[in-house]
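Novice: Questions regarding the structure given below will be posed in turn.
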Amino acid sequence: MADLHTGEILLFSKAKPAPRHGQPFTMLFQDDLLAVVSSSAGAGMTALELRVLLAVWAMVGFDNLMVLNVSALARRVSAHRSSVSKAVAALERLGLLRVLGPEPGSMSRDRRLRLNPHISYRGRVGERHDAVVRDQWAPNGPALAAASEAVQTTSSDESGPEQPSRSSGMEATPDAARKTEKPEVTKP
1 MADLHTGEIL LFSKAKPAPR HGQPFTMLFQ DDLLAVVSSS AGAGMTALEL RVLLAVWAMV
61 GFDNLMVLNV SALARRVSAH RSSVSKAVAA LERLGLLRVL GPEPGSMSRD RRLRLNPHIS
121 YRGRVGERHD AVVRDQWAPN GPALAAASEA VQTTSSDESG PEQPSRSSGM EATPDAARKT
181 EKPEVTKP
């Protein structure tokens, strides 16, 4: 901005406001969280999966997004890297989070992780709805719990090792779970 009388260029710098609450926090939404935790899929969560979920809640940035460095997360929860990778994949299958690709233009191999805003959200309350719509999350509450159970049932009925979906969206419906499976290829 320039002063019209002197021609001097004026720069304004807005200071970052002090945090209102003294430390970062993530909002948890009780009805949706209780629906998932009380479902049979939620009851089947391991202690490590719960610890990883709690650590992610504590580490997540604004708009429920964080860089997923499995080694750093494993150190935080005092577990092996491979166990934490499996726990993250299980949480993704339940619809509690999504693992996205690396930041566009980044040279890092670290992937990004986004939490389900139906369960928890870090940001402004009004932006939570936008996050749900933008990322096309599964329905909330009992529908999310039922969808999580359906995904767990579908994946446990299959033979062979489970392969976590790395699609751009975590569709938590039985039909969508079948669509993400790789077709079997038989060699003559």
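Note that this note's numbering has the sequence shown beginning at 1, numbered continuously upward. No residue lacks a Cβ here, since even glycine has one placed at the ideal position from N, Cα and C.
#1: Shortest alpha-carbon distance to F25 belongs to which of M45, F62, A131 and E8?
#2: Can you tell me whether A90 is buried or exposed? The criterion is at least 16 other CB atoms within 10 Å of its CB, across all chains shown.
#3: Quick one: is M66 buried, meaning 16 or more other Cβ sit within 10 Å of its Cβ, or exposed?
#4: Check each candidate in A79, L68 and R109 and name the one with the smallest Cα separation from E92.
#5: Starting from L34, trace the alpha helix (DSSP H) both ways and give me its first and last residue.
#6: Identify every residue that forms a DSSP beta bridge with M66.
#7: Report buried or exposed for N32, applying the criterion of at least 16 other Cβ atoms within 10 angstroms of its Cβ.
#8: May I ask which residues mark the beginning and end of the beta strand (DSSP E) holding L4?
#9: For the putative contact between L100 and R112, defined by C-beta atoms under 8 Å, what is the C-beta separation to the nearest angstrom?
#10: Under 8 Å Cβ to Cβ from V125, same chain only, skipping five residues before and after it: list those, please.
#11: Name the one or two DSSP bridge partners that P99 has.
#12: In its own chain, which residues sit with a C-beta less than 8 Å from the C-beta of V77, not counting the 5 before and 5 after it?
#13: For the alpha helix (DSSP H) holding S40, just list the boundary residues, first then last.
Specialist: On the basis of the supplied data:
#1: On the sequence shown, residue 25 is found 25 positions in, with the first residue counted as 1. Of the listed residues, the one whose Cα sits closest to F25 is F62.
#2: Within the sequence shown, residue 90 is the residue found at index 90, counting from 1. With 16 or more other Cβ atoms within 10 Å, it is buried.
#3: Within the sequence shown, numbered from 1, the residue matching residue 66 stands at position 66. Result: buried.
#4: What you label residue 92 is simply residue 92 of the sequence shown in a count that begins at 1. Looking at the Cα atoms, L68 is the closest of the given residues.
#5: In the sequence shown, the residue the question calls residue 34 occupies position 34. It spans Q30 to V37 - the alpha helix (DSSP H) in which L34 sits, taken as one unbroken run.
#6: In the sequence shown, the residue the question calls residue 66 occupies position 66. Per DSSP, L113.
#7: As a first step, residue 32 must be located in the sequence shown, where it is residue number 32. The sequence as given places Asp at residue 32; Asn does not occur at that position. The residue is buried, with at least 16 neighbouring Cβ atoms inside 10 Å.
#8: Residue mapping note: residue 4 aligns to position 4 of the sequence shown, counting from 1. From DSSP, L4 is part of no beta strand (DSSP E); its letter is neither H nor E.
#9: Numbered from its first residue, the sequence shown carries residue 100 at position 100. Numbered from its first residue, the sequence shown carries residue 112 at position 112. Confirmed, Cβ separation roughly 4 Å.
#10: Position 125 of the sequence shown, counting from 1, holds the residue named residue 125. Sequence-distant Cβ neighbours of V125 in its own chain, meaning closer than 8 Å and more than five residues away, are M27.
#11: The residue given as residue 99 occupies position 99 in the sequence shown. The identity of residue 99 in the sequence shown is Val, whereas the question assumes Pro. According to DSSP, V99 bridges with L113.
#12: Your numbering for residue 77 matches position 77 in the sequence shown. Excluding residues within five positions, the ones whose Cβ falls inside 8 Å are L48, R51, V52, A55 and V84.
#13: By one-based count along the sequence shown, residue 40 stands at place 40. S40 -> alpha helix (DSSP H) spans S40 to A43.
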